[in-house]
Structures are given as C-alpha cells and as structure tokens.
Amino acid sequence: MAASEPLVQGTGRDGAGFAGVTAGDGPGGVRPYVGRVERHPLQPPVPLVLDPDAVERRAPVFGAADVSPLDADLTLGHRGEPLGERITVGGRVLDGRGRPVRGQLVELWQANAAGRYVHRADRHAAPLDPNFTGAGRCLTDDDGRYRFTTIRPGAYPDVTHHNAWRPSHLHFSLFGTAFTQRLVTQMYFPGDPLLPHDSIWTSVRDASARRRLVAAYDPGLNEPERSLGYRWDIVLDGPDATWAEEGR
Amino acid sequence: MSLPATPSQTIGPFHGTALPFPGGGEAAPVGHPDTITVHGCLSDGDGAPVPEALLEFWQAAPDGSLVGAPGSLRRDGAAFTGFGRVVTRDDGRYTLRTLPPGGAPYLALCLLVPGLTRHLFTRVYLAFPEHDPLIEALPPARRATLLAAPEAGGHRTYRFDIRLRGGAETVFLAFPDRGGRPGPP
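Chain order of the listed sequences is A and B. Numbering-wise (the working numbering), the first sequence opens with residue 336 and increments by one. Numbering-wise (the working numbering), the second sequence opens with residue 597 and increments by one.
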C-alpha cells in the first residue's frame with residue numbers, strides 16, 4: 336500500500352486510532368472502527384434547539400436540472416457492459432414518523448466487481464473496469480422511493496487490520512427535508528460472511544441498528560433474466576421527524 | 597409511529613467520483629456584484645491539513661428566503677440555489693463564493709470528513725447578530741471560532757478556518773432531538 340491515503344481510514348499504527356475493544360459478536364474479534372482520532376473533536380457538540388426559522392430546519396432542493404434519469408443506472412455511460420453481477424437496488428427514504436421524503440437527492444458510490452474504486456488512492460491490486468465508474472444519483476419519487484441499477488461490488492482488503500476484508504457494500508448519501516437529517520452511510524448484502532469481521536459494520540454497536548444496514552433480497556425488484564433485486568429502506572432522523580415528540 | 601433511524605457510516609476516502617461536482621463552490625450567480633468569498637483551511641488536532649473532506653454549505657437567499665432552488669449540481673450561472681459543496685484540497689484549503697444571506701447572517705455547514713464515523717455540523721457567521729441563542733450561550737473564546745473574519749485588503753473576502761480538534765477547536769453542533777455525536781473519542 337504505497338498510497339498516502341489508506342484504503343480504509345484509520346491510523347493502522349498498532350491499533351492506535353481504534354477503540355481497542357472487541358465487538359463480541361464476531362469470531363474475528365474485530366476492533367470496531369472509530370476512524371482517525373486526530374480528527375475527532377475533543378469537546379462535546381453544543382446542543383442547539385432550533386427555532387422555527389433556523390436555516391438547518393430546511394434543506395437544499397434538487398430537481399430535473401440536477402439529475403438525469405440515466406444517472407440512476409451505473410451500468411450505462413461506457414462503451415460496453417461492466418463486469419459483474421447486475422443488481423437493482425431500491426427502497427424508500429422515510430423520516431422518523433414513516434413519512435416519505437419526496438423529491439430528494441440520493442447519491443451512490445461503490446467499488447467495481449473486483450473490489451476496486453476509480454480513485455487515485457485506491458492501490459488494491461485488482462483490475463479497473465473500463466466500463467464502470469461506480470457513481471450514481473437519483474431523486475426520490477412521491478412515495479419516497481429510489482432505485483438504482485448497478486453491479487454487485489467486490490470485497491477488498493481492509494489494510495488497517497491484518498488479514499481483513501471489507502464486505503461488499505454501497506456508499507449512500509442522503510438529504511432529508513431538514514439539513515439536520517443529512518446522512519452518509521453504507522449498505523451491505525444479506526448473508527455476507529465478512530460482515531461480523533468488518534470493523535466498519537461492527538462500529539455500529541447496537542445489533543438491531545447494524546441489521547438496518549443490510550439489504551434484503553427482493554425478487555420483486557428483479558428485472559427477470561437481467562438483474563437481482565435488493566430492497567433497502569432508509570430512515571432519516573432529525574427535528575423534522577421528532578420535533579413534537581418531547582423527551583424522546 | 598416512530599421508526600429507528602438508519603445509522604451513519606464513515607464517508608471513506610473514495611467519494612471523489614460521486615459527490616463533488618463542477619462549480620460546487622460557485623454558489624453565487626456568475627459576475628454578481630454582491631458575491632462574497634469564504635475561504636479557509638480544515639485542520640486536525642495535530643495542525644495537519646485535512647484533504648478530501650466534503651464541506652456542504654446551506655443558507656438563506658439574500659432576501660432571507662429559505663426555499664432554495666434546484667440546479668446546484670448542474671449550475672446555470674444565473675440561479676441562486678442556496679447550496680454549495682466543496683472538497684478540501686491537498687493543503688486542506690477550500691473556497692466558497694456565494695451571496696450574503698438575508699435574515700440571520702450565517703451559513704449552515706455540514707462537514708463530511710474521512711476518518712469520522714459521522715458528519716459534523718457548525719455555522720459560519722459573517723457577523724454576530726444582536727440576539728442569537730447559540731452565540732450568547734458560548735464563552736467568548738469559543739464564540740470566535742464561528743466568526744468568519746473579513747480580510748483586510750480583500751474584496752468582500754472572509755477567512756473561516758475549521759479546527760477539528762484541540763486548542764481553538766471549532767464549535768460543532770448537536771440538535772437535541774437528533775442527538776448527533778461525532779463518534780467515540
């Protein structure tokens with residue numbers, strides 16, 4: 336790994352930068368990822384009760400000017416078809432009350448089928464695919480639904496841990512109806528044996544919360560004889576969802 | 597009905613093909629005479645610059661409205677959308693060109709930093725308003741970290757450095773009903 340930027344962030348210095356505890360839920364006894372300590376604020380965040388006019392209670396808006404329908408198909412835009420298992424990933428974006436988040440931006444990025452990103456810092460010895468970049472966008476519809484066509488990404492080495500591999504995952508970026516609902520996270524695939532060994536997945540300490548990062552195989556999302564379907568619903572928290580629920 | 601939120605996961609180092617977009621930091625309409633420049637450096641607890649962090653700015657329009665407008669990702673050079681997104685360069689620096697917000701004189705800022713398990717929120721004040729519950733609640737030394745300093749000799753230029761940790765650590769915000777914490781220390 337000659338890159339100045341590690342493949343997965345962490346100091347990698349003999350455990351420095353990691354919690355130094357085991358998750359207790361994996362045979363690998365992996366240390367949950369905490370990231371780069373030198374970037375973590377020392378002070379607790381200052382609690383701010385937002386007044387109704389606060390900027391953070393509203394969110395940027397996106398529309399047809401921002402996103403083309405073609406942006407949701409990551410297998411397009413190249414000379415040929417990408418290598419790998421074609422998948423369709425879809426679900427709903429909801430707020431904490433179960434209301435759909437409508438017309439909002441969903442962004443997706445991922446490695447190719449061999450586990451390699453199109454990025455100068457990714458030096459994993461796996462091939463780039465000239466027919467795959469691995470970035471997509473879409474807007475949620477009136478029911479809060481999103482849908483992408485892509486390929487299943489490959490696993491790749493987690494260089495911050497000895498002999499560790501990151502499970503297949505998709506990176507997601509989401510906006511809600513309030514700026515406070517901003518979310519960046521990762522989606523995983525059901526039944527992946529790498530999950531309990533993964534420092535990043537296990538960095539979510541609550542087991543039920545971890546499970547919410549794992550999609551479900553959904554034949555209803557298949558395109559017959561073309562792609563395998565995975566369903567993953569996303570819930571954005573924040574004042575807009577919970578404002579009236581004092582004491583929650 | 598209350599649904600548990602989807603947890604956050606680190607943005608990681610490889611978002612560069614997906615999230616940055618051309619003109620992300622050019623929020624002001626091209627050639628607008630009121631354009632201001634907000635720039636600075638993102639640094640860590642060792643004082644080292646932090647590259648490839650995503651900074652997202654969201655703000656009111658000059659007339660104080662907060663409805664926003666589509667078109668940030670493919671700017672037409674004319675509309676003001678209220679949203680800007682920039683990536684810190686190898687020296688940790690960023691630059692935003694925008695219009696001054698009407699109403700309360702601050703920009704909301706969300707920082708998505710590789711090496712953190714979740715994003716951070718703060719505010720960039722171009723001036724401190726007479727009454728502001730956040731500013732009033734902070735000790736003076738910490739207040740200063742939220743103020744963008746007008747640069748002498750600059751044309752409508754403000755300097756806003758962000759320190760993630762240590763000495764002059766920037767004030768980061770939590771919204772109590774979200775309980776946003778940056779991650780374990």
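We treat Cβ as the ideally placed atom computed from N, Cα and C, and that holds for glycine.
Step through the CB atoms of chain A and report whether any lies within less than 9 Å of the CB of Pro-710/B. yes
On a CA-only basis, which of Arg-755/B, Ala-700/B, Glu-732/B, Arg-761/B is nearest Leu-716/B? Give me that one, please. Arg-761/B
For Pro-362/A, count neighbouring Cβ atoms within 10 angstroms of its own Cβ and tell me buried if that reaches 16, exposed if not. For Pro-362/A, the pLDDT reaches just 45, beneath the cut-off of 50, and the residue's location in the model is therefore unreliable, leaving the point undetermined.
Identify every run of the beta strand (DSSP E) within the stretch 402 to 440 of chain A, keeping only runs that are complete inside it and at least 3 residues long; order them along the chain. 421 to 430
Endpoints, alpha helix (DSSP H) assigned at Glu-796/B: The requested residue 796/B is not part of the displayed model; chain B covers only 597 to 781.
Note down, in chain order, all residues in the stretch 661 to 677 of chain B with a beta-carbon under 8 Å from any beta-carbon belonging to chain A. Leu-662, Val-663, Gly-664, Ala-665, Pro-666, Gly-667, Ser-668, Leu-669, Arg-670, Asp-672, Thr-677
When Cβ atoms are compared, which residues of the stretch 522 to 538 of chain A fall closer than 7 Å to chain B? Ile-535, Ser-538
Go ahead and label Gly-711/B buried or exposed: buried means 16 or more other beta carbons lie within 10 angstroms of its beta carbon, across all protein chains shown. buried
Given that Val-626/B touches chain A, what residues does it touch there, using C-beta distances under 8 Å? Those within 8 Å of Val-626/B in chain A number zero; the least Cβ separation is about 16 Å.
Can you name the residues that DSSP bridges to Thr-704/B? For the record, residue 704/B in the displayed sequence is Ala; it is not Thr. Trp-654/B, Arg-719/B.
CB-CB under 7 Å to Pro-395/A, same chain, minus the five flanking residues each way: which ones, in chain order? Phe-510
Can you tell me whether Ser-503/A is buried or exposed, with buried defined as 16 or more other CB within 10 angstroms of its CB? buried
Are the stretch 563 to 570 of chain A and the stretch 423 to 432 of chain A in contact at 8 Å, needing three or more beta carbon pairs? yes
Contact set between Ala-623/B and chain A, taken where Cβ atoms lie within less than 8 Å: In chain order: nothing, as chain A lies at least about 10 Å away.
Go through the stretch 537 to 566 of chain A residue by residue and report every complete run of the beta strand (DSSP E) that reaches 3 residues or more, in order. 563 to 566
With distances taken between CB atoms, is the gap from Leu-705/B to Thr-633/B smaller than 9 Å? no
The stretch 467 to 494 of chain A: positions lying closer than 9 Å to chain B by Cβ: Thr-468, Gly-469, Ala-470, Gly-471, Arg-472
Please report whether the beta-carbon of His-375/A lies at a distance below 9 Å from any beta-carbon of chain B. yes
Starting from Pro-736/B, follow the alpha helix (DSSP H) in both directions and report where the run begins and ends. 736 to 739
Determine the direct distance from the alpha carbon of His-459/A to that of Leu-530/A, and round the result to whole angstroms. 20 Å
CB-CB length for Trp-444/A against His-506/A, believed under 8 Å: 5 Å
Closer than 9 Å to chain B by CB, Asp-572/A: yes
Residue environment, Asp-630/B, which counts as buried when at least 16 other CB atoms sit within 10 Å: exposed
Between the CA atoms of Ala-737/B and Arg-719/B - distance to the nearest angstrom: 16 Å
Counting only beta-carbon separations shorter than 9 Å, does Gly-612/B have a partner in chain A? yes
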